[in-house]
Amino acid sequence: MKNITLNELSELAGLSKYYLLRSFTKQKGISPYRYLETIRIDRAKKLLEKGLLPIEAALQTGFADQSHFSNFFKKFIGLTPKQYMNIFKDLSGEK
Numbered sequence: 001m002k003n004i005t006l007n008e009l010s011e012l013a014g015l016s017k018y019y020l021l022r023s024f025t026k027q028k029g030i031s032p033y034r035y036l037e038t039i040r041i042d043r044a045k046k047l048l049e050k051g052l053l054p055i056e057a058a059l060q061t062g063f064a065d066q067s068h069f070s071n072f073f074k075k076f077i078g079l080t081p082k083q084y085m086n087i088f089k090d091l092s093g094e095k
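Anchor point for the sequence shown: position 10 equals 10 in full-length UniProt numbering, and the numbering is continuous, going up by one each time.
Laid out in structure tokens, this is it:
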């Protein structure tokens, strides 16, 4: 997953970064950074629901390590990735 900066994004859009920030936030109701966080966590949730290990979900969603991913996930969702994954294991009847 390639990181893109706000400057690169504003260049691609042909807008100043401040105008891009204001416009994006006005349209989506959240900042571009918060939007990206939401996309990453939603993707991680889907991967965990499919049974991928937290370390695999972390790497596939652009986190450098499992610790950073776990802390970020818990802050966002209120559960650790393992706790979240276990909910879906319990629902499917896996042990």
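C-beta: ideal position from N, C-alpha, C; glycine also. Everything numeric in this text was worked out from a predicted model, so none of it was measured.
For residue i, the first and last residue of its enclosing alpha helix (DSSP H)
i: Asn71; result: 66–77
i: Phe24; result: 17–28
i: Ile41; result: 32–49
i: Ile4; result: Neither: Ile4 is in no alpha helix (DSSP H) and is coded neither H nor E.
i: Leu59; result: 54–60
Beta-carbon proximity check, residue i vs residue j, cutoff 8 Å
i: Pro54; j: Ser31; result: no
i: Arg58; j: Asp65; result: Before going further, note that residue 58 is Ala rather than Arg in the sequence given. Yes, Cβ-Cβ distance for Ala58 and Asp65 is below 8 Å.
i: Lys17; j: Ser23; result: no
Other residues of its chain near residue i: CB distance less than 6 Å, five sequence neighbours each side excluded
i: Phe63; result: Phe69
Contacts around residue i, its chain only, beta-carbon distance under 8 Å, and the 5 residues preceding and following it disregarded
i: Leu21; result: Leu6, Ser31, Pro32
i: Ile77; result: Ile41, Lys45, Tyr84
i: Lys28; result: Tyr35
Nearest neighbour of residue i, chosen from the options [CA to CA]
i: Thr38; options: Leu91, Met85, Phe72; result: Phe72
i: Phe88; options: Glu11, Leu15, Leu52; result: Leu52
i: Leu91; options: Arg43, Lys50, Lys74; result: Lys50
Same chain, Cβ closer than 7 Å to residue i, neighbours up to 5 away in sequence not counted
i: Gln60; result: Leu47
i: Ala13; result: Leu20
i: Lys82; result: Pro54
i: Thr25; result: Ser31
heavy atom of the ligand MN below 7 Å from residue i C-beta
i: Leu47; result: As presented, the structure is devoid of all ligands, the ligand MN included, so that no description of it is given.
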